[in-house]
Amino acid sequence: MSESEEIYCLIVPMRDKPILIPNKALAEIVPYIDSEPPPENHEPWHIGYLHWRGMLLPVVSFEHFAKPDYPRSERRQKMVAILHTKLGLKQMPYFGIAVEGIHRLAPVNIDSVSHIDESADVIDSLHESILANVLYRERELLIPDIKTVEWNIEKYIKD
Numbered sequence: 021m022s023e024s025e026e027i028y029c030l031i032v033p034m035r036d037k038p039i040l041i042p043n044k045a046l047a048e049i050v051p052y053i054d055s056e057p058p059p060e061n062h063e064p065w066h067i068g069y070l071h072w073r074g075m076l077l078p079v080v081s082f083e084h085f086a087k088p089d090y091p092r093s094e095r096r097q098k099m100v101a102i103l104h105t106k107l108g109l110k111q112m113p114y115f116g117i118a119v120e121g122i123h124r125l126a127p128v129n130i131d132s133v134s135h136i137d138e139s140a141d142v143i144d145s146l147h148e149s150i151l152a153n154v155l156y157r158e159r160e161l162l163i164p165d166i167k168t169v170e171w172n173i174e175k176y177i178k179d
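The opening residue of the sequence shown carries number 21 in my numbering; numbering runs sequentially from there.
As C-alpha cells, this is what we get:
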C-alpha cells in the first residue's frame with residue numbers, strides 16, 4: 021500500500037473489540053432470522069447455520085474463536101456479516117460472523133492505522149485468528165485472519 025492509497029474497509033462492531041475488514045470481503049449484512057442451531061457437540065465458536073440465497077452457511081462468533089472461554093451472550097444474535105471465503109472453497113464460498121450493530125465505512129491508508137504494540141512478544145501472543153491489534157483514528161480494532169477462520173470452519177465441518 022502506498023502512502024496515499026486508501027483501502028475501503030468496514031469497522032464491524034462485536035461484543036468485545038470491533039474488527040476491521042476490507043470492504044470487498046463483505047457480501048452482505050443480514051438479520052439472523054432464517055437460522056438453524058449448531059450440531060449437539062459443536063465448537064464454542066459455532067453458533068449455528070443461516071439460510072442465505074439458497075445456501076446453508078455456518079455462522080461463527082469471532083469472540084469465541086479468538087477466546088474460547090469468552091462468556092456466552094444471553095441474548096439472541098440479531099445480525100450476521102456474510103463474508104466471501106479467501107480459500108476459494110466451492111463447498112463453502114461464504115460464511116457468517118455474528119455482529120453486534122451497524123458497520124461503518126473506514127477509508128484506511130498507511131498513515132491512518134498503526135499497531136497498538138509492535139513488540140514480537142505481543143504480536144506472537146495474539147490468537148491465530150487475529151492478524152493485528154491496531155489503532156485507527158484513536159479506536160482500538162482487531163484485524164481478523166479470515167483465512168485461518170475459514171480453514172478452521174472447513175476442517176470442523178468436514179469432521
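Idealized CB from N, CA, C, for every residue including glycine.
DSSP beta-bridge partners of residue i
| i | result |
| --- | --- |
| Asn129 | In the DSSP output, where bridge partners are listed per residue, Asn129 has none listed. |
| Ile31 | Leu40, Arg124 |
Length of the line joining the Cα atoms of residue i and residue j
| i | j | result |
| --- | --- | --- |
| Tyr90 | Pro51 | 23 Å |
| Ala140 | Ile150 | Because Ala140 carries a pLDDT of 49, less than 50, the predicted location of this residue cannot be relied on, and no value is offered for it. |
| Glu83 | Trp65 | 8 Å |
| Lys44 | Pro59 | 31 Å |
| Arg124 | Ile177 | 31 Å |
| Tyr69 | Glu25 | 37 Å |
| Leu161 | Asn61 | 31 Å |
Bounding residues of the alpha helix (DSSP H) (the contiguous stretch that carries residue i)
| i | result |
| --- | --- |
| Ala47 | Careful: Ala47 lies outside any alpha helix (DSSP H), inside the beta strand (DSSP E) at 46-51. |
| His123 | First-last for His123: undefined, no H or E at that position. |
Given residue i as reference, the closest of the options once Cα atoms are compared
| i | options | result |
| --- | --- | --- |
| Lys175 | Leu162, Pro38, Leu40, Glu63 | Glu63 |
| His135 | Leu125, Val154, Ile53, Gly108 | Val154 |
| Gly187 | Lys37, Arg35, Glu170, Ile31 | Only positions 21 to 179 of the chain appear in this structure, which leaves residue 187 out of reach. |
| His147 | Ile166, Gly68, Ile117, Ile53 | Ile166 |
| Ile53 | Gly121, Lys87, His71, Leu77 | His71 |
| Asp266 | Met99, Phe115, Arg157, Thr168 | Only positions 21 to 179 of the chain appear in this structure, which leaves residue 266 out of reach. |
Extent of the continuous beta strand (DSSP E) run through residue i
| i | result |
| --- | --- |
| Glu160 | 159-164 |
| Leu151 | 150-156 |
Margin query: Quick check on the DSSP output: what are the complete alpha helix (DSSP H) runs of length 4 or more inside the stretch 57-115, in order along the chain?
Written below: 82-86
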